[in-house]
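Be aware that the sequence shown starts at 123, since it is given in this note's numbering, and climbs by one per residue.
Structure, as structure tokens:
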Amino acid sequence: MEDIKKLVKDKKVFIGTDQTLKNLKSGKVAKVFLSSNCPADTHETVERYAKMAGVDVEQIDMPNDELGIICRKHYFISVMSVKK
């Protein structure tokens with residue numbers, strides 16, 4: 123959790139499914155984090171693109187509302203990725 127806070131503070135993350143998928147396709151992602159209650163279809167899609175890009179996907183033990191709070195956003199976050 124502290125690692126995620128530091129990455130957000132340093133602005134080294136892409137937040138959201140659309141941003142993550144877009145940057146996975148262009149090779150700008152080092153790692154992907156999924157919330158514990160990420161929707162199944164989103165989970166499958168992100169896993170597929172991450173596998174093609176050779177990027178690790180980690181499911182964290184945190185629901186999307188808590189991840190949103192840690193990222194200091196006023197909305198739920200199910201998918202977050204780390205910039206290369």
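Ideal Cβ positions, reconstructed from N, Cα and C, are used throughout, including at glycine.
Computed from a prediction, not measured in an experiment: that's the story for all the values here.
Where residue i falls: helix, strand or coil (DSSP)
{"i": "Met202", "result": "strand"}
{"i": "Val135", "result": "strand"}
{"i": "Asp183", "result": "coil"}
{"i": "Lys127", "result": "helix"}
{"i": "Val168", "result": "helix"}
{"i": "Lys150", "result": "coil"}
Nearest residue (CA-CA) to residue i, options the options
{"i": "Gly190", "options": "Gly138, Leu143 and Gln181", "result": "Gly138"}
{"i": "Pro161", "options": "Val135, Val201 and Asp125", "result": "Val201"}
{"i": "Leu146", "options": "Pro185, Asp178 and Glu188", "result": "Asp178"}
C-alpha distance - residue i paired with residue j, whole-angstrom precision
{"i": "Lys173", "j": "Thr142", "result": "13 angstroms"}
{"i": "Lys144", "j": "Val151", "result": "10 angstroms"}
{"i": "Lys127", "j": "Asp187", "result": "15 angstroms"}
{"i": "Glu124", "j": "Asn159", "result": "20 angstroms"}
{"i": "Lys133", "j": "Ser148", "result": "19 angstroms"}
{"i": "Lys131", "j": "Ile192", "result": "10 angstroms"}
{"i": "Lys205", "j": "Gly176", "result": "14 angstroms"}
{"i": "Leu156", "j": "Pro185", "result": "9 angstroms"}
Answer yes if the segment 167-176 comes into contact with the segment 188-198, meaning at least three C-beta pairs across the two stretches below 8 angstroms, and no otherwise. no
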